[in-house]
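Chemist:
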Amino acid sequence: MRGRPNLYTSYEADGAIFPTATQKVTFWLGVAGMVALPFLGLSRVWLILLATTFVAAIGAIGLNLVTGYAGQISLGHAFFLGVGCYTGAALSGDPGGSVIGMGLDMLIWLPAAGLVAALAGVIVAPVALRLKGLYLALVTLGLVFLGEHIFRNWESLTGGGGVGRKPPVLSLLGWRFDQPGAIAGIEVSKEQQIYLLTFILLLILGFAAKNLARSKVGRAFAAIRDRDIAADVMGVNLTWYKVVAFAVSSFYAGVAGSLYFATTGFVEPASFNLLLSILFIAMVVIGGASSIAGSIMGAAFVTLLPQIIDSTSDFLPLIGDGSAGVLSPAQFERILFGLLIVIFLIFEPLGLYGIWIRVRNYWKAWPFSY
Amino acid sequence: MKTTSIPALLRSIASDEPGRVALREKEFGIWQETTYAGYWELVQVAGMALRALGVEPGDRVAIHSENRLAWVVTDLAAQAIQGVSVGLYPTNPAPEVEYLLGHSEAKVLIAEDQEQVDKALEVKDRLPNLERIIYVEPRGVRTYQDPILMSWDDFLAEGKRLYEAEPDTVTRLMEGIDPESTATIVYTSGTTGPPKGAMLSHNNLLWTADQARQIIAGNNPVARPELLSYLPLCHVFGRLYDILGALAFRATVNFAESIDTLVADLQEVQPTYFPAPPRIWEKMKASVEIRMADATRFKKLVYGLFMKVGHWQADRVIKRGSRGIAGSVAYAVGWIFLYRALKKKLGMGLCKQAVSGAAPIAPELLRFFMAIGVPVYEGWGMTETSALGTVNMPGDVKLGTIGPPLEGVEMKLGDDGEILVRHPGVFKGYFKNPEATASTIDADGWLHTGDVGEWVGKHMRIIDRKKDIIITAGGKNISPSEIENKLKVSPFVKEAMVIGDRRKFVTALIGIEFDTVANWAQRKNITFTTYRDLSEKPEVVDLIKREVDRVNEDFARVEQIKKFRLLPKELDHEQGELTATQKVKRRVLEDMFADLIEEMYR
Chain A
0 MRGRPNLYTS YEADGAIFPT ATQKVTFWLG VAGMVALPFL GLSRVWLILL ATTFVAAIGA
60 IGLNLVTGYA GQISLGHAFF LGVGCYTGAA LSGDPGGSVI GMGLDMLIWL PAAGLVAALA
120 GVIVAPVALR LKGLYLALVT LGLVFLGEHI FRNWESLTGG GGVGRKPPVL SLLGWRFDQP
180 GAIAGIEVSK EQQIYLLTFI LLLILGFAAK NLARSKVGRA FAAIRDRDIA ADVMGVNLTW
240 YKVVAFAVSS FYAGVAGSLY FATTGFVEPA SFNLLLSILF IAMVVIGGAS SIAGSIMGAA
300 FVTLLPQIID STSDFLPLIG DGSAGVLSPA QFERILFGLL IVIFLIFEPL GLYGIWIRVR
360 NYWKAWPFSY
Chain B
-13 MKTTSIPALL RSIASDEPGR VALREKEFGI WQETTYAGYW ELVQVAGMAL RALGVEPGDR
47 VAIHSENRLA WVVTDLAAQA IQGVSVGLYP TNPAPEVEYL LGHSEAKVLI AEDQEQVDKA
107 LEVKDRLPNL ERIIYVEPRG VRTYQDPILM SWDDFLAEGK RLYEAEPDTV TRLMEGIDPE
167 STATIVYTSG TTGPPKGAML SHNNLLWTAD QARQIIAGNN PVARPELLSY LPLCHVFGRL
227 YDILGALAFR ATVNFAESID TLVADLQEVQ PTYFPAPPRI WEKMKASVEI RMADATRFKK
287 LVYGLFMKVG HWQADRVIKR GSRGIAGSVA YAVGWIFLYR ALKKKLGMGL CKQAVSGAAP
347 IAPELLRFFM AIGVPVYEGW GMTETSALGT VNMPGDVKLG TIGPPLEGVE MKLGDDGEIL
407 VRHPGVFKGY FKNPEATAST IDADGWLHTG DVGEWVGKHM RIIDRKKDII ITAGGKNISP
467 SEIENKLKVS PFVKEAMVIG DRRKFVTALI GIEFDTVANW AQRKNITFTT YRDLSEKPEV
527 VDLIKREVDR VNEDFARVEQ IKKFRLLPKE LDHEQGELTA TQKVKRRVLE DMFADLIEEM
587 YR
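Going line by line, the protein sequences match chains A and B.
Per the numbering used here, the first sequence starts with residue 0, numbered consecutively.
Per the numbering used here, the second sequence starts with residue -13, numbered consecutively.
1) Could you tell me the distance, in whole angstroms, from the CA atom of valine 168/A to the CA atom of tryptophan 153/A?
2) Touching or not, the region 246 to 253 of chain B and the region 323 to 336 of chain B, by the rule of three or more beta carbon pairs under 8 Å?
3) Quick check on the DSSP output: the beta strand (DSSP E) that includes glutamate 481/B runs from which residue to which?
4) Please identify, using Cβ separations under 7 Å, the residues of the region 251 to 272 of chain B that lie next to chain A, in order along the chain.
5) Quick check on the DSSP output: the alpha helix (DSSP H) that includes tryptophan 432/B runs from which residue to which?
6) Quick check on the DSSP output: the beta strand (DSSP E) that includes tyrosine 121/B runs from which residue to which?
7) Mind checking who arginine 9/B pairs with in its DSSP beta bridge?
8) At which residues does the alpha helix (DSSP H) containing threonine 60/B begin and terminate?
9) Per DSSP, alanine 97/B forms a beta bridge with which residues?
10) Which residues, in chain order, does the region 288 to 304 of chain B contribute to contact with chain A at a C-beta distance below 7 Å?
11) Measure the beta-carbon distance from tryptophan 108/A to leucine 128/A and round it to whole angstroms, keeping in mind my assumption that it falls under 8 Å.
12) I think threonine 258/B touches lysine 338/B, with their Cβ atoms under 8 Å apart; what is that distance to the nearest whole Å?
13) Just by C-beta distance, which residues in the region 460 to 485 of chain B are closer than 7 Å to chain A?
14) For a contact defined as C-beta to C-beta under 7 Å, what are the partners of tryptophan 17/B on chain A?
15) In chain order, what residues of the same chain have a beta carbon less than 7 Å from the beta carbon of leucine 130/A, not counting five sequence neighbours either side?
16) Would you check if the region 444 to 451 of chain B and the region 229 to 236 of chain B touch, i.e. whether three or more CB-CB distances between them fall below 8 Å?
17) Locate the alpha helix (DSSP H) running through arginine 536/B, then write down its first and last residues.
18) Can you find the residues in the same chain that come closer than 7 Å, C-beta to C-beta, to tyrosine 68/A, ignoring five residues on each side of it along the sequence?
19) Leucine 213/B to leucine 582/B, Cα distance in whole Å?
20) Find out if the Cβ-Cβ distance for the pair alanine 112/A, glycine 264/A is shorter than 9 Å.
21) Verify the contact flag: glycine 313/B, CB atom, against every heavy atom of the ligand COA, threshold strictly below 8 Å.
22) Determine the direct distance from the alpha carbon of glutamine 508/B to that of glutamine 71/A, and round the result to whole angstroms.
23) Would the beta-carbon of threonine 426/B fall within 9 Å of that of serine 175/B?
24) Tell me which residues share the same chain as threonine 369/B and place their Cβ nearer than 6 Å to its Cβ, disregarding the 5 neighbours each side in the sequence.
25) DSSP three-state label for arginine 147/B, please.
26) In terms of residues, what are the limits of the alpha helix (DSSP H) holding isoleucine 47/A?
27) For serine 1/B, count neighbouring Cβ atoms within 10 angstroms of its own Cβ and tell me buried if that reaches 16, exposed if not.
28) What is the DSSP secondary structure of tryptophan 153/A, reduced to helix, strand or coil?
29) Does any residue of chain C bring its CB to less than 9 Å from the CB of proline 366/A?
30) Going by CA-CA distance only, name the one from Ala209/B, Glu563/B, Ala97/B and Lys305/B that's closest to isoleucine 119/B.
31) Is the Cβ-Cβ distance between leucine 553/B and isoleucine 496/B less than 9 Å?
32) For a minimum of 4 consecutive residues, which ranges assigned as the alpha helix (DSSP H) are wholly contained in the region 70 to 147 of chain A?
33) Run the CB neighbour count on histidine 188/B, radius 10 Å, all protein chains shown included, and call it buried at 16 or more, exposed below.
34) Unbroken alpha helix (DSSP H) runs of length 4 or more, entirely within the region 271 to 318 of chain A: which are they?
35) Report the three-state DSSP secondary structure of aspartate 225/A (helix, strand or coil).
36) Measuring CB atoms only, is the region 293 to 312 of chain A touching the region 46 to 59 of chain A, in the sense that at least three cross pairs come out at less than 8 Å?
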C-alpha cells in the first residue's frame, strides 16, 4: 500500500518485482540511461563489448536458474552454449555454402537455437534425477568433453577446428541489424543496433527469468535446492521440476550462444570447453547465486575485466605480451578469476549481489544493527 | 435524521462511502479487507442470526475473544438489535468466565477458539441463561458433540438467509433504539473484589465517539486514517479507538495478529493514531535501548548525539509550546539521520498523534518519545466515564499531568482531594449493583473517581488512587505509583510495587524484565536457567540496586526506597496476581510475598 510498503493486501503485491514506486522509477530511469548510452559517443569496441556483456548475462541467468535457484550444479553450460551457437548458425547460414545452412530469418533461428539447446537439456536432465552434487558436476563435465569432440569434428556443421564458419545473420523480417540504417530518421551504426538488440533481449529474458523465479516454479526450484527430500514430501514433483530447470537453463544458454556468435562474428569450435563453463560459473558465483540482478553484475564483471586489464596492462608491472612481462594479460586474467572465485566463495558466498545486500541492510537496519 | 446509536453511525458511512475499507484481518500473511458496506451487511446478518437465537431487546451477548472481525461485528450487531454486548478478556480463567457470564446473564456467547470454548463448557452447567456458544475458529472444536455449540460460519449462514428474507428488520430495530438504554456492559477489572459491570448507554458512546473525532482526528486530520487494533476491545481504551473513534473519523482498523506480533504488525500498519498503556511505551523504549547496545560504534555515536539533540528540542517544546526556529532545524537534521528511521522501526513513522492512558506514565518516557518526534500525549479516563476525561493537547502539554478537562467535562476536587467529574459520558450505573452505583455517582451527578489529584494551572495532576496512597509510620503521605513508574522506566524493571503503609520506611518488590535482563546477563557472561535463577543472581540484584539508587535521587529522603526484594516469579493474570489489564493486585501480592516483605522490615 502507498506509504506503507509492508502492508500487503494481496499476494500480487507481496511478490511484486518492484515493491515501491521509487524502485520502479529508478529501474526504468536506469534502462533509459542504458538505451541512451550508445548515442553518447562510445567507441565501436566498447559497444560490441557491452553487447557481449548483455549476451553473457543472458547465459549467466540461464546457469543461475539451474545452479543458483534449483541447486543443480552444472559444469555443462559450455555444451549448451555450443549447441545453440551452431543451431543458430546452421539455420541462418547460406544454403549454398560449404557448411550446413538453411537461410532462415532470425525470427526462426533465435528461438530455435534456444529450443534445440533446451531439448539437449531435457535429454541430460534425467541424469540429474539420479545424481546430486559432485557426481552431477562430473557427469555434466563429461558432457563438455563430448561436445567439444563433436564440435571439432563435425566439419559440415562447425567448419572444423581452426577453420570455423560464418556467424548467423542478424536479419529480422528483412531488417538487417548488422548493416547501418536509420530508425525513425536517426542514423544508427551496426554496433549501435547490435547493442540495442542485445540489450532489449536481455531485458525481456531477464524479466522472464525473474517472473519464473517468483512464481510457483521458482519456489519449487528453491525447495529442491534447499532440501530435495523435504521438497518431495511437500508434493514438489522432483522429476518434472528438474527437467524444467535444465530445459529453461539450456534455452537461455542456447539463445546466448547463438547471439554470442552473431555479436562477435567469430567462434572457434574448440572454445566451448571447460574454461568457458568455468567462466560462467564465475559469473554466477561472483555476481551472486539465485539472483537475476547478480547474474547481470557477474557477467559484466567477468566480461569487462579482461578489457580493463588489457587497457591497463601497460601500467601494471610484470604483465604484458612477449618480453614485456612475466605473465600475459590472458594468463593474469585466468589467475585473477581463479583467485576471485576462491575469495568470493570463502568471504562472500552471495557474490557482488551479496555485497550490495550487506550495504543495503546496513542502512535498512539503521539506526540498529539488526 | 439524528444518529441515535453507534451502529447507525456505521450505516451512514456505509451509504456515504460504501467502498471505503473498514477492516483488515491478516490471513496467511495477507491483510484481507472488508469495506464499510460489507461491514454493515455483516452487522445486519449477525444481528438477524442473534435474533434467531432468541436475543430480545435488553438481552446480553457476551464476546470472549482476541480482537478480530467477529468481535466488532458481534458488538455492533448486538447493539443494533437493541441488545447489550459484554466483552470478556481472553486471559480470563474459567472461574472468572463463570462469574462474568453468570452475572451478566448472557444468552449467547461468542467464543474465539477451543481454549475459550473449553472454559465455557467447563462452567456451562451453572449458567442457566446461556443458550448458545458460537465458536469462531473451528480448529479442535469440530469434533465436539455438545448441542450448545454452533460455528461462526453456520451462524452467519443462518443470519444471511434471514437477512435476505427480511432485509429491513435490523434497521427498523436500530431506529427504535432508546438512546438512554444500555448499549454495552464493560466489566472493570478491579484490583479489589469481583469485577463490576459498568452500563454505558448509547448516548454515552455517541458522546465519546464525537469527542474522539474532535480530539484525535480533529487536530491532525488525515484522508485515510489507519488504526492498529491490539488493545483488548473489552476495555474502554481499546473501544475508544477501534470501534467508536474508527467510526467517528472513518478509519481503517487493522487487527493485530496477537500481542506477541505487535512489533511486526506496527511496522506493517504504521498507524495514524495510536493508543497505548505505559507498559507498551516502556517496552518500546527498552527495545530501542537493547538494540542500540548491540549496534556498531558508529551507529551508537549517531544515536547518542541525536538523542541529546532530541531531548534538547523536546525540552523547548515542553517549556515554550513550540520548537522555535533553532529547534526545528535541529529536529530536521536529526530526522534525516535518526528519527525517521527509528520511528519507522517502531511503527510510528506515520503516527500523527499517540495517547498514553489506562495507567499513569513516567514523564521520562514521554520525553523520550517527544525527543524522537513521536507526539505522545498523556490522557485520563475510566470505564465509568466512557474512557474520556482529560488529555494533553498539542501545543499545551504539561509533563506529569493528565491535561486539562475536555470540552463539556466538568471537573472539580472533593474535600479530600478526590477528583469528581460530570459529563455526558458518565455511565448509567453498575449492572445489578445499586449500592456501588450510589457510592460512585452522587445525587448531583458527580462521579467519584477514586483518584486523588491536584490542579497545575488548568491541567490536572494525579497523585494516586485514593486507596493506594501510603501513609508512613512517620505520617508522611507518599504516592507509590509515582515511584513505581520511575522504576519501570528502566528497561530491566517490569513490575514494581512500593510498600510502606504504616511502616517505618519505604520498600519495594521488583519484578525483572526477563528478556532484557537475560540479554544483559548474556553479554556479561552470566549463566542462568530460569526466571527465578536469574533474579537471584547477585549481579542482577546489583543491577537493579543501581536502578533503584538512580530513582531514589529524584525523591525526598522519606520517599526513598531503603530496601527491595526481587520477585521470584513472573506475575500472571491466570494466577490472579495481575488484573486482566496487567495491573498488580496489591492485596494478593502482599499476602503472597508476606515473608519477603516482613524480611525487609526485620
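From the three backbone atoms N, C-alpha and C, an ideal C-beta is built for every residue, glycine too.
Modeler: Here's the rundown:
1) So the two alpha carbons sit approximately 21 Å from each other.
2) Verdict: yes, contact present.
3) 479 to 485 is the span of the beta strand (DSSP E), which, as asked, contains glutamate 481/B.
4) Answer in chain order: Gln253, Glu254, Val255 and Gln256.
5) Looking at the DSSP string, tryptophan 432/B is not in any alpha helix (DSSP H), and its letter there is neither H nor E.
6) From DSSP, the beta strand (DSSP E) with tyrosine 121/B extends over 118 to 121.
7) A small fix is needed here, since residue 9/B is leucine in this sequence, not arginine. In the DSSP secondary-structure assignment, leucine 9/B is bridged to Thr20/B and Val239/B.
8) Unbroken alpha helix (DSSP H) run through threonine 60/B: 55 to 66.
9) Note: alanine 97/B sits in a beta bridge opposite His50/B and Tyr121/B.
10) Per Cβ criterion, the list reads Val288 and Tyr289.
11) At roughly 31 Å, the Cβ-Cβ gap does not stay under 8 Å, so tryptophan 108/A and leucine 128/A are not in contact.
12) The Cβ separation is near 5 Å, so the contact holds.
13) Listed by position, the residues of the region 460 to 485 of chain B near chain A (Cβ gap below 7 Å) amount to none.
14) Within chain A, Leu6, Tyr7 and Thr8 have C-beta atoms less than 7 Å from the C-beta of tryptophan 17/B, given in sequence order.
15) Within the same chain, Val138 come within 7 Å of leucine 130/A by CB-CB distance, once the 5 residues on both sides are set aside.
16) No: fewer than three Cβ pairs fall under 8 Å.
17) Per DSSP, arginine 536/B belongs to the alpha helix (DSSP H) from 524 to 538.
18) For tyrosine 68/A, where only same-chain residues beyond five positions count, the Cβ hits under 7 Å are Ala212, Gly217, Phe220, Ala221, Arg224 and Ser289.
19) Cα-Cα distance, rounded: 43 Å.
20) No.
21) With respect to the ligand COA, the structure shown offers nothing to examine, as it has no ligands at all.
22) Each residue's Cα considered, the two are about 41 Å apart.
23) The answer is no: Cβ separation not under 9 Å.
24) Cβ within range, chain order: Val172, Thr174, Ala184 and Val222.
25) Here arginine 147/B sits in helix by DSSP.
26) Here the alpha helix (DSSP H) through isoleucine 47/A covers 43 to 62.
27) Around the beta carbon of serine 1/B, fewer than 16 other beta carbons lie within 10 angstroms, which makes this residue exposed.
28) Correct three-state label for tryptophan 153/A: coil.
29) Checking the listed chains, one finds no chain C in this structure; the protein chains it contains are A and B.
30) Considering only Ala209/B, Glu563/B, Ala97/B and Lys305/B, the residue with the shortest C-alpha distance to isoleucine 119/B is Ala97/B.
31) In terms of Cβ geometry, leucine 553/B and isoleucine 496/B form a close pair [threshold 9 Å].
32) Runs of the alpha helix (DSSP H) inside the region 70 to 147 of chain A: 76 to 91 and 105 to 129.
33) That one is buried.
34) Unbroken alpha helix (DSSP H) runs of no fewer than 4 residues, entirely contained in the region 271 to 318 of chain A, are found at 273 to 286 and 291 to 311, following chain order.
35) If DSSP states are grouped into helix, strand and coil, aspartate 225/A belongs with the helices.
36) Segments in contact, yes.
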